[in-house]
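309 is the number of the first residue of the sequence shown in the working numbering; add one for each residue after it.
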Amino acid sequence: MRKLGIIGAMDVEVEILQGALAQPEVTRWAGMTFWQGTLQGLPVVVVRSGIGKVNAALCVQVLADRMGVTHVVNTGVAGALDPALNIGDIVISTEAMYHDITTGPLGDPRGQVPGMDVLAFPADPTMVAMARAACGRLGLPHRLGRVVSGDQFVCEDGVKADILQACGGICVEMEGAAIAHAAYRNRLPVVVLRAISDKADHSASMDYVSFEAKAAANCAALTQALAQALAR
Ligand code: ADE
Numbered sequence: 309m310r311k312l313g314i315i316g317a318m319d320v321e322v323e324i325l326q327g328a329l330a331q332p333e334v335t336r337w338a339g340m341t342f343w344q345g346t347l348q349g350l351p352v353v354v355v356r357s358g359i360g361k362v363n364a365a366l367c368v369q370v371l372a373d374r375m376g377v378t379h380v381v382n383t384g385v386a387g388a389l390d391p392a393l394n395i396g397d398i399v400i401s402t403e404a405m406y407h408d409i410t411t412g413p414l415g416d417p418r419g420q421v422p423g424m425d426v427l428a429f430p431a432d433p434t435m436v437a438m439a440r441a442a443c444g445r446l447g448l449p450h451r452l453g454r455v456v457s458g459d460q461f462v463c464e465d466g467v468k469a470d471i472l473q474a475c476g477g478i479c480v481e482m483e484g485a486a487i488a489h490a491a492y493r494n495r496l497p498v499v500v501l502r503a504i505s506d507k508a509d510h511s512a513s514m515d516y517v518s519f520e521a522k523a524a525a526n527c528a529a530l531t532q533a534l535a536q537a538l539a540r
């Protein structure tokens, strides 16, 4: 039986989904509140991890060890790196990597976790295909590609340019690669779904505040559609 772990970093990213669970069972581990219930006929656990890579990785490990999830999705907002992305558009990860791990003097490329066998942690192709089809059904503009993550809100043109040049990627956020990394280590299929809230440049702080709620709502709708597809 499939069971989907749904992780958002912030309240705005999970509260719509929590509200959609009938009579959820609520438990706390590692300072996080886990809401277990059924979404679109699928057993799910919805959790707000808190912001950043360590919170995100911890959250996946609790989902794996204590909740028995079989799949993981990370939903939320992101800053655009690809100029073709507009605010509200959806990004579906094909893979996720860190932009803030730098062990160049050891001979590693930017983003490489020393000793790991991959630079970017892959998304599950079946979940990617389901999310893509759901975007089509919901009429949500979307792009597939690499998500880059780090413990930094990117809101300077120079920082954005540096990340793009070093890592590529179509959007930047603060948890996706850590979630994909932890899922990879636990052999759990994963996908990162993000709605664009800003352009990760000098306009980011203002746009973020204005568009965060709309972007998060788009992503919640998509996550529900993914749950529906996984329930079949
Ligand atoms: N999440 C949403 N926008 C972001 C940005 N500009 N940088 C990092 N994480 C984000």
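Every residue, glycine too, gets a C-beta built ideally from N, C-alpha and C.
Nearest to Val362 by C-alpha distance, out of Lys311, Glu483, Ala392 and Thr411, is Glu483. Here Ala442 really is in contact with Leu534; their C-beta atoms are around 6 Å apart, less than 8 Å.
Looking at the DSSP output, Val385 sits in a beta bridge with Ala503. With a beta-carbon spacing of about 6 Å, Leu530 and Leu448 fall inside the 8 Å limit used to define contacts. Burial state of Asn382 is buried, judged by a 10 Å Cβ sphere holding 16 or more other Cβ atoms. Restricted to the stretch 445-531, the beta strand (DSSP E) segments that are unbroken, complete and at least 3 residues in length are 450-457, 479-481 and 498-506, listed in chain order.
Partner residues in the beta bridge of Val334, as assigned by DSSP, are Trp343. Between Gln344 and Glu333, the CB-CB gap stays under 8 Å.
Cβ-Cβ distances below 8 Å link Asp319 to Arg356 in the same chain, with the five nearest sequence neighbours on each side left out; the list follows chain order.
For Pro422, the closest of Met405, Ala437, His510 and Pro433 by C-alpha to C-alpha distance is Met405. By the neighbour-count criterion, in which 16 or more other beta carbons inside 10 Å mark a residue as buried, Val426 falls on the exposed side. Judged by their CB atoms, Leu366 and Val380 are not nearer to each other than the 8 Å cut-off. Annotation for Val353: no alpha helix (DSSP H) segment contains it, though the beta strand (DSSP E) segment containing it runs Leu350 to Arg356. Contact check for Asp459 and Asp408: beta-carbon distance about 6 Å, within the 8 Å limit, so the pair qualifies. By the beta-carbon neighbour count (other beta carbons within 10 angstroms, threshold 16), Pro417 is exposed. When beta bridges are read from the DSSP output, Pro430 appears opposite Glu403. Applying a distance threshold of 6 Å between residue Cβ atoms and the heavy atoms of the ligand ADE selects Val385, Ala386, Gly387, Phe461, Val462, Cys463, Val480, Glu481, Met482, Ser505, Asp506, Ala508, Ala512 and Tyr516, given in chain order. Excluding residues up to 5 positions away in sequence, Pro449 and Ile504 lie with their Cβ nearer than 6 Å to the Cβ of Asp397 in the same chain.
Rounded to the nearest whole angstrom, the C-alpha separation of Gly415 and Val480 is 24 Å.
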